[in-house]
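From first to last, the protein sequence lines stand for chains A and B. The numbering of the first sequence is the numbering used here, which starts it at 160 and goes up by one. The numbering of the second sequence is the numbering used here, which starts it at 160 and goes up by one. Read through the structure below, which is laid out as structure tokens, and then see the notes.
There are 2 protein chains.
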Amino acid sequence: MQARADVFKALGHPSRLAIIDALASGELCVLDLNKTVDADMSTVSRHLAVLRNAGILSSQKRGNQVFYKLECPCITTFYGCVESVINGTGQPIQLEDVK
Amino acid sequence: MQARADVFKALGHPSRLAIIDALASGELCVLDLNKTVDADMSTVSRHLAVLRNAGILSSQKRGNQVFYKLECPCITTFYGCVESVINGTGQPIQLEDVK
DNA sequence: CTGGTATTTGCGTATTTTGCCAAATACCCC
DNA sequence: GGGGTATTTGGCAAAATACGCAAATACCAG
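Written as structure tokens, this is what we have:
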């Protein structure tokens, strides 16, 4: 249960979701990812470490750079469900609660 | 993107996952949930608020008590994928990286 | 309205997360 | 070896989370 929570926790940051989005179309190096995330490169590197430690990404060093890859593309299939949560599909959500 | 992250963040705590598990079979009141979670009732209440604010649960007050219900049962379909992340199914995960 | 049960909220504290800078490390090319 | 690029790590401060206790609130029953 803690292990599950760790995976979700790793997904619980906008920058990390942006990284996953970027990696959905193929592997990228840190510098590439840094262009899409708008944070210090060291910060991006730490986000990548979080995702890698959770098992969501894998890394491979090639020459000068480190390439990251989505280890589990099924992650992106979550989004449909997450969107429905956000939009309140299924049941009305009290908007003042969602805020 | 922030909204997505908020949903995942809400899922990123073992007690909250336990709550979702318990609610998978039907709605329950706070006292019932408190039995399955092992934390102060006030803490459980706060976890419930987090899940509700994320749109994952809805609440309905009936008489003396408040019943919580899974708003989006598709959440539990995440688990298959999460398990595969945990187990490293799909692609080999370097264990020394996952640590 | 009084007592009792169910739930939430205020508050203080401990812990975790985030993010930057600067320094360290790794690797390539010359 | 020396310089340059790519990435990670140490250290620190700010912000967010987690959690228990006690108090507040809501509601039912008598």
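No residue lacks a Cβ here, since even glycine has one placed at the ideal position from N, Cα and C. Predicted, not measured: the structure shown is a model, and the values here were computed from it.
(request) Would you check if there are 3 or more beta carbon pairs closer than 8 Å linking the stretch 191 to 207 of chain B to the stretch 195 to 211 of chain A? (result) Flag = no, the stretch 191 to 207 of chain B and the stretch 195 to 211 of chain A do not touch.
(request) Give the DSSP-derived three-state secondary structure of A/Cys-231 in the structure shown. (result) coil
(request) Would you decide whether A/Glu-242 is buried or exposed? Buried here means 16 or more other CB atoms lie within 10 Å of its CB. (result) Exposed, by the Cβ-count rule.
(message) Closer than 8 Å is the cut-off here; do at least three beta carbon pairs connect the stretch 227 to 235 of chain A with the stretch 221 to 228 of chain B?
(response) no
(request) Verify the CB distance criterion: does B/Thr-275 have a CB-CB separation below 8 Å to chain A? (result) For chain B, the structure presents residues 160 to 258; residue 275 of chain B sits outside this window and is missing.
(request) State yes or no: is the C-beta of B/Met-160 within less than 8 Å of the C-beta of A/Ala-177? (result) yes
(message) Looking at chain A, is there any beta carbon in it that lies within less than 8 Å of the beta carbon of B/Phe-167?
(response) yes
(message) What does the Cβ neighbour count give for B/Gly-171, buried or exposed, with the cut at 16 atoms within 10 Å?
(response) buried
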